[in-house]
Amino acid sequence: MHGPHKNIGPCVPAPDSGTTKESTLNPISHNAILRTFRRSAFALMLAAAPVAVLSVGAPSAWGQASASTDAAGTVTDATGAKVPGATIHLINNGTKAERTTKSNGSGDWSIPNLPPANYSIRVEKDGFKTSVIPSLDVQIGQTANGSVTLAVGGTNETVEVSTLPPQLQTQEATVGQVIDQKQINDLPLNGRNVLQLATLAPGVSPPQSGQQGGSAAQTGTASSSRNLYITVDGGRGNSTNYVLDGTYVRSVRFNNMSLLPNTDTLQEFNLLRSTFSTEYGQGQAVVSMVTKSGTNSIHGSGYLFARNGIFDARNYFQPASTGPKPDFHRWQFGGTFGGPIIKDHLFVFGGYEGQRSSKQNLYTALFPTQNELNGTWEANSSQALPGNNGGFAYNKANPAGFTVTNKVAQVLNPTYPVLNSDALTINGSSNYGLTLPFTDNYDSYTVRGDWNVTSKNSLFGRYANYNASQITPTATGSSTSNPLLGRNAVLGDTYLITNKIVNEVRIGWNEFYNITLGVLQSAGPNGNWASAEGLTNVTALTSPRQNGRASFGIASFGNVGDGSGDQGGHENVLSIGDSISDVLGKHTLKAGFQFQNRRLWQIADNNSRGAATFDNCTTATYNAGYTPTSPNDTGGGATGGNCAVGNKGYQLNGVWYLYNKFQNYARGMCTSGCNGNAGTTLGHYRDNTYGVFVSDIWTITPKLTANLGFRWEYNQPFHEQNGLEGSLDPTTHLVTFSKLPANIPQAYLNAGIIDTQHTYQPGIIQPFKKGFMPRVGLAYEMHPGTVVRAGYGIYFDNLNTNELQFTRYAAPLYFQQAFSNVTTNQLYPDPLTTTQIPSPFSIFPFNKQPLTQEWNASLQQDLGHGLLMELAYTGSNSHHMWKRYDQNMCQQYPFVVPANISVCTRANPKFGNGILTSSTLGAANFNGGSIKVEKRQSNGLYYLGSYQWSKNLDNISGEAGANDSSYATTTAFDHSYSNFDVRNRAVISGGYELPFGKGKEFLQGKVATAVLGGWSFQPAIQLRTGYPFNITGSGCSFASYNTCRAFLAPGRTIASSFKGSNRGISSWFDPTAYSQDPNTATVCAPGANCTGTASNGQAVAVNCTTSTSYCSATRPQPFLQGWVTRNTGRGPGTVSFDLSAIKNFKVYERFNMQFRVEAYNVINHGIFSNPSGAIATGTSVGKITGTSMDNRSLQFAIKGTF
């Protein structure tokens, strides 16, 4: 049933919804609860360990284990005949753990659920020689081909197979890419961010800010936790799942990767793009990583990577004339160690990495002078005095007896820098600057243990910790801190019931903490800024975490406010699961179950410290024919204008003047943005998820294999455990709660906006229990060396719990107050007695689970000599994706100019604009074709090259992109190119070891070995076409959260705006092809009569002499949205060439030293960001003024391995 429950009175809370008053806990008790939860999680893991050891099919299960990591093959004789009954020994070369099976009647064999590692195979059969494959890589998420041809002879004779089986995937239809340990270690990774490895594969788009990782350290700006993501084959960044050792390392708040693994602790990295196993859920693509384990030999590494700004090229837009380069230092250091504790049985491995990064940046602002803060508009001010406004002017002189009476100003003014002039002396836009370091530091460590308990039972456990912090200074001296804590633990047990039946139990825990905090210079007078400023009813008065200076500022100037408020979350996820595999003839079956308990506290406060803007007073609007006698004249129907009617001006020497913005600041007349809040959005959420799956690798014939799978998934709606949630219901148009608050203001009840008769169920969103996900794939070996594959699957996605803030923005749970033209002594009134009706937020209760259908077809061809070519097509269609929009925007008329519209028609007239709504009306589709050539390492050479053409369309590219929603009621008009649509992309990476020196083909002497030996070079080259961008207008007033779309000028087309001989970074497109409105006139101000022809040829007449509904001094029809669709523009492409050069020195037999130089953007090519698309900004529209990646930079490293 849509809408709220038809129950009278409050709902009975669900058994697990909680009734405690946890929302009122102080930070100390809250942290104690989190510690208790973590300890309980570890206690549960330890308690479950004995059960895991003995498990042969426990009812608890694991649905996210490393999927389909198997080895399989066929045993034949020299004539090609199948050999049944052969004994296959599969031996882990590092730990000597062994698995054994026999070939079936068709000569086929399969060993499921293997830890990714390097193995050897020994095949024995009476009447044949023993065949040995000494090295076979079993890679994560794939089925390794261990086919063997036996020669006639005795089993005491051994034949070593020197030719490796083809890399063809004959057993599965999965489209993906494995990056092995050598690539991980040797390829240039700026910032050592492992997600850069995914960009080597086709189908992947990094965020628009540039190459994954390193963005914060390169640019010296804060990098959000959302940057730990990639987009795959048209999916959103938050639609990719991240798995480490079979347990999720994924934030439930943003669905980004929750920690950054140390690359030296990783054995393998696998990107699964399409038609992957049903063992994986909650995402349409998967990044699966496996950590290294200890072996029978002691091994490890130690390293230091260093970057220094003196070796970096200057930014394209910061030539030498702008001053010296910013001072930049980055140190990354660490090491690993692994080995046996008990040979062949118990192993340990661990690693640590730290980063210390600092970049000196010039932080600038335009601050008012001391006189201006005191209300005096100085003669040398850079702010020009406006002309006459309604017949009245402004004066630099203050009225007699004028003083600073604004209490907030009295408190804040001493914290401003002392300036004598507000002239724009720095960068042409600022008068004050501080050079301060942006710091980006982290410490990361991983510890893993593996225990071969018996020949049938093995255990492993791993703990990873990532603790990062970024500090971004400001010109005021205050700073913003962005801490990020990621912790992940997993305990796994594998038990061989028989040689063919394997049971696997996993228990996992993931913790993620990320919050944006203000780092205050001081706690303020008497320990609280808001109290000293005289503000009332703001959260900062009662919440120590929100203490800080109010953001009260003079228009066009910076202020010393300490930010809007703290925003972020802390989450814990406990996972328990089990899977069982069995080989039954031609079927390799696997089934399992998954359970997760997810808990989150989240805060998303705005204006917690108070905010206000002080601008020049403007005259009121009067009835036609009425002439005001002073700016303060209240007769003649006076309404509107900046400053309260009757309090707009003063008399000086017998002449009336309007108050200017400096005087308004000093006297405390807030003209706009007088915003504050009371209460808090802090919520404590929890849910459970359940998943079951079954999969079958069915060898129908020796040439044809089918992958059949089915998964069912249920994600319980997140609910606030104390019932503190509410939303504007789309059916009743009333604010409805899960638990009716006791403190509803009488004004709300009088206005009839609260549903007092019905309540929502906990979580508001209705449960979705139809999460059925069939997946099917076929692999057909047309002839030896050629495989054709195809697949189809359905994938459900998660809710980004960041959307849960919508359930807390419902007064009286959380009051957001917004005023204009009020004095500061009125800020802020008691929200329980105010008559103001704030616009609520809304999350639809009938939102559905996001769903993606994916399909693919591919052809793999073994080219011999370790070469593999793959042609692939991938496509997808996504429905019910998260989409925000303003449901109360003015009614729109796409591609029609209304003739007789005099008012803005809103869907819910009880409220103004700005009902931000979280819905699942998003949709997308993707089609892409790629070619890939991969060479397995031999003779010192390996490479991976790919090219992809693709097209990605959607009606919004992320749940937070409300400004991309042009038309609230017709989402089809938002359907256009996705934000991350990259039409063409090519990537080449690889490595080549020079054939010189001892043991090589050429120049084996000592001198040649010392100079030329041991060198290898690893390039990573990426080329792509540009990202889309919006071309926008301004001055529209039809919605609060929407970007103004532009119109095409008459006779112009979008294509014509991107043509011309003068096109370049200073003029990327022709802005004259676009207009602010559909008329030929650019402005139709009140009192004018405008006529013209719209771009569609329609004659238009806008008469502003009798009506002003569609008339404005800046935009003729402010309520009408433009017709140029979203993402019309296309930005510049990228040519990125990174290179690592490595010199290896053998110190002694088992100890090597390595010196390496890494160059990023080695050709020093300008990699530009998108241009400004705002046609109202005449000086910058169409111009490119920044880069998305740095110019050339160098990194040096020294590394020892043993």
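Be aware that the sequence shown starts at 71, since it is given in the numbering used here, and climbs by one per residue. Ideal Cβ positions, reconstructed from N, Cα and C, are used throughout, including at glycine. Being a predicted model, the structure only gives us computed values, none of them experimental.
Can you check whether the CB of residue 885 is closer than 8 angstroms to the CB of residue 1096? Against the sequence shown, residue 1096 aligns to sequence position 1026. Against the sequence shown, residue 885 aligns to sequence position 815. For residue 1096 and residue 885, no; Cβs fall outside 8 angstroms.
Could you say if the stretch 452–470 and the stretch 747–761 meet the contact criterion of at least three C-beta pairs nearer than 8 angstroms? no
Three-state secondary structure (DSSP) at residue 735? For this step, residue 735 is matched to residue 665 along the sequence shown. In this structure, residue 735 counts as helix in the three-state DSSP scheme.
Which residues does DSSP list as the beta-bridge partners of residue 954? Counted from its first residue, the sequence shown places residue 954 at position 884. Answer is 988, bridged to residue 954.
When burial is assigned at 16 or more other CB atoms within 10 Å of the CB, is residue 709 buried or exposed? The residue labelled residue 709 in the question sits at position 639 within the sequence shown. Flag for residue 709 reads exposed.
On the DSSP letters alone, give me the boundaries of the alpha helix (DSSP H) that residue 442 sits inside. For the purposes of this step, residue 442 is taken as the residue at position 372 of the sequence shown. It spans 440–443 - the alpha helix (DSSP H) in which residue 442 sits, taken as one unbroken run.
Given residue 1124, which residues of its chain have a CB within under 8 angstroms of its CB, disregarding the five upstream and five downstream residues? To locate residue 1124, count along the sequence shown from 1; it is residue 1054. If we look at residue 1124 and ignore the five residues flanking it on each side, its Cβ neighbours are 1118, 1143, 1194 and 1198.
Can you tell me the Cα-Cα spacing of residue 624 and residue 502, whole angstroms? Within the sequence shown, the letter at position 554 stands for residue 624. Within the sequence shown, the letter at position 432 stands for residue 502. Residue 624 and residue 502: Cα-Cα distance of roughly 16 angstroms.
Specify whether the stretch 947–966 and the stretch 1028–1042 touch according to this definition: at least 3 beta carbon pairs, one from each stretch, less than 8 angstroms apart. yes
Spell out the partners DSSP gives residue 145 in its beta bridges. By one-based count along the sequence shown, residue 145 stands at place 75. Partner(s): 218.
By a C-beta neighbour count over all protein chains shown, 10 Å radius and 16 as the cutoff for buried, is residue 1273 buried or exposed? For residue 1273 there is no data in the structure shown, the boundaries of the chain being 71 and 1272.
With H, G and I counted as helix, E and B as strand and the rest as coil, what does DSSP make of residue 383? To locate residue 383, count along the sequence shown from 1; it is residue 313. Three-state DSSP puts residue 383 in coil, outside helix and strand.
Which residue marks the beginning of the alpha helix (DSSP H) containing residue 603, and which one marks its end? Counting from one through the sequence shown, the residue named residue 603 turns up at place 533. Residues 599–603.
So, are the CB atoms of residue 421 and residue 373 less than 8 angstroms apart? Position 351 of the sequence shown, counted from the start, is the residue given in the question as residue 421. Position 303 of the sequence shown, counted from the start, is the residue given in the question as residue 373. Not in contact: residue 421 and residue 373 (Cβ atoms no closer than 8 angstroms).
Using only alpha-carbon positions, find the residue among 381, 316 and 376 that is nearest to residue 351. As a first step, residue 351 must be located in the sequence shown, where it is residue number 281. It is 316.
Distance between residue 256 and residue 1076 (C-alpha atoms, nearest Å): Here the question's residue 1076 lines up with position 1006 in the sequence shown. Here the question's residue 256 lines up with position 186 in the sequence shown. Going from the Cα of residue 1076 to the Cα of residue 256 covers about 25 angstroms.
Candidates 568, 643, 1211 and 716: which alpha carbon is nearest residue 653's? For the purposes of this step, residue 653 is identified with residue 583 of the sequence shown, where counting begins at 1. Taking only the C-alpha atoms, the option nearest residue 653 is 568.
Got a sec, what are the start and stop residues for the alpha helix (DSSP H) residue 477 sits in? The sequence position of residue 477 within the sequence shown is 407, counting from 1. Its alpha helix (DSSP H) spans residues 477–482.
Helix, strand or coil for residue 615, going by three-state DSSP, please let me know. Numbered from its first residue, the sequence shown carries residue 615 at position 545. Helix.
Suppose the cutoff is 6 angstroms on Cβ atoms and the five residues either side in sequence are ignored; what does the same chain contact list for residue 538 look like? To locate residue 538, count along the sequence shown from 1; it is residue 468. These residues qualify, in order along the chain: 512 and 554.
Grab me the residues of residue 686's own chain with a C-beta within less than 7 angstroms of its C-beta, minus the 5 sequence neighbours each way, in chain order. Indexing the sequence shown from 1 puts residue 686 at position 616. Same-chain partners within the cutoff: 456, 464, 712, 728, 730 and 731.
So what does DSSP say about residue 454, is it helix, strand or coil? One-based indexing of the sequence shown puts residue 454 at position 384. Residue state, collapsed to three classes: coil.
Return the chain-ordered list of same chain residues with a C-beta closer than 8 angstroms to the C-beta of residue 18, the five sequence neighbours on each side being excluded. Absent from the model: residue 18. The displayed extent of the chain is 71 to 1272, so no value can be given.
Rounded to whole angstroms, what's the CA-CA distance from residue 415 to residue 342? Just pull it up for me. Stepping through the sequence shown from its first residue, residue 415 is reached at position 345. Stepping through the sequence shown from its first residue, residue 342 is reached at position 272. Taking the straight line from one Cα to the other gives about 32 angstroms.
Along the chain, where does the alpha helix (DSSP H) containing residue 1197 start, and where does it finish? Stepping through the sequence shown from its first residue, residue 1197 is reached at position 1127. Here residue 1197 belongs to no alpha helix (DSSP H), and DSSP marks it neither H nor E.
Within 10 angstroms of its Cβ, does residue 289 collect 16 or more other Cβ (buried), or is it exposed? The sequence position of residue 289 within the sequence shown is 219, counting from 1. With a pLDDT of only 32 at residue 289, under the threshold of 50, the placement of this residue in the model should not be trusted, and no figure is reported.
Measuring only the C-alpha atoms, how far is residue 913 from residue 1128? Position 843 of the sequence shown, counted from the first residue, corresponds to residue 913. Position 1058 of the sequence shown, counted from the first residue, corresponds to residue 1128. C-alpha separation (whole angstroms): 40 angstroms.
Nearest candidate by alpha-carbon position, reference residue 154, set 816, 1045 and 220: Walking along the sequence shown from the start, residue 154 turns up at place 84. Closest option to residue 154, Cα to Cα, is 220.
So is residue 900 buried or exposed if we call it buried at 16+ other beta carbons inside 10 Å? Position 830 of the sequence shown, counted from the start, is the residue given in the question as residue 900. Label assigned to residue 900: exposed.
Per DSSP, what are the beta-bridge partners of residue 1089 in this structure? As a position in the sequence shown, residue 1089 is number 1019, starting the count at 1. DSSP, once it has assigned bridges, lists 1209 as partnering residue 1089.
According to DSSP, residues forming a beta bridge with residue 1057: For the purposes of this step, residue 1057 is taken as the residue at position 987 of the sequence shown. Its beta-bridge partners are 1016 and 1092.
Residue 1002: which of 1052, 990, 1057 and 1043 sits nearest, CA to CA? Start at 1 with the first residue of the sequence shown, and residue 1002 comes out as number 932. Considering only alpha carbons, the answer is 1057.
If I'm right that residue 1036 touches residue 1112 with Cβ under 8 angstroms, what's the distance once you round it to whole angstroms? Here residue 1036 is taken as the residue at index 966 of the sequence shown, counted from 1. Here residue 1112 is taken as the residue at index 1042 of the sequence shown, counted from 1. Indeed, because the Cβ distance is near 7 angstroms, the residues count as touching under 8 angstroms.
Who are the Cβ neighbours of residue 1038 in its own chain at under 7 angstroms, not counting the five residues just before and after it? Numbered from 1 along the sequence shown, position 968 holds the residue referred to as residue 1038. Closer than 7 angstroms at the Cβ level, and outside the excluded window around residue 1038, lie 955, 956, 957 and 959.
Could you tell me the boundaries of the alpha helix (DSSP H) in which residue 1078 lies? Taking the sequence shown and counting its residues from 1, one reaches residue 1078 at position 1008. Here the alpha helix (DSSP H) through residue 1078 covers 1076–1081.
When burial is assigned at 16 or more other CB atoms within 10 Å of the CB, is residue 359 buried or exposed? Against the sequence shown, residue 359 aligns to sequence position 289. Looking at its Cβ environment, which holds 16 or more other Cβ atoms inside 10 Å, residue 359 is buried.
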